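Enquirer:
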Amino acid sequence: MTTEKTILKCKNPHCEKDFHVIPQEADLYKRKNLPSPDFCPECRHRQRMALRNERKLYGRPCGKCQKQMLSTYPETAPYTVYCQECFWANIG
Ligand SMILES: [Zn+2]
Ligand SMILES: [Zn+2]
24 MTTEKTILKC
34 KNPHCEKDFH
44 VIPQEADLYK
54 RKNLPSPDFC
64 PECRHRQRMA
74 LRNERKLYGR
84 PCGKCQKQML
94 STYPETAPYT
104 VYCQECFWAN
114 IG
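Read in order, the letters of the sequence shown correspond to residues 24 to 115 in the numbering used here.
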């Protein structure tokens, strides 16, 4: 068990901030054979957020009027998708 803090440099060229890896964390990486993190917690957080916002859109016909539109669900998803118009018409 390492007791010293590991200091790493963020590999994001726009950041290059030094960040600490606490012993428990460093130990976990070692035990799970994971490489040490390349990016500071801030950059890692930002990357996660960016990934979450990156939504894939699929071209699907509206379940009601058959108009082609974009949906976040692929054709294989067990959902009927509606275009904006039909969606709101359905709610009312
Ligand atoms: Zn960073
Ligand atoms: Zn429609």
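Yeah, the Cβ is synthetic: ideal placement off N, Cα and C, and Gly gets one too. Just so it is clear, the structure is predicted and the values come from calculations on it, not from any experiment.
Anyone know if the C-beta pair for TYR102 and TYR96 falls short of 8 Å?
Expert: Yes, they are a contact pair.
Enquirer: Would you say the beta carbon of TYR96 comes nearer than 7 Å to a heavy atom of ligand 2?
Expert: Outside the cutoff, so no.
Enquirer: Give every residue of the same chain whose Cβ lies closer than 8 Å to the Cβ of GLN70, excluding the five residues on either side of it in the sequence, and list them in chain order.
Expert: Answer for GLN70: PHE62, listed in chain order.
Enquirer: Look up ILE45 in the DSSP assignment and give the residues it is bridged to.
Expert: Note: ILE45 sits in no beta bridge, so no partner.
Enquirer: Looking at C-alpha atoms only, which residue of TYR81, CYS109, CYS88 is the closest neighbour of GLU191?
Expert: Residue 191 lies beyond the residue range present for the chain, which begins at 24 and ends at 115; the question has no answer from this structure.
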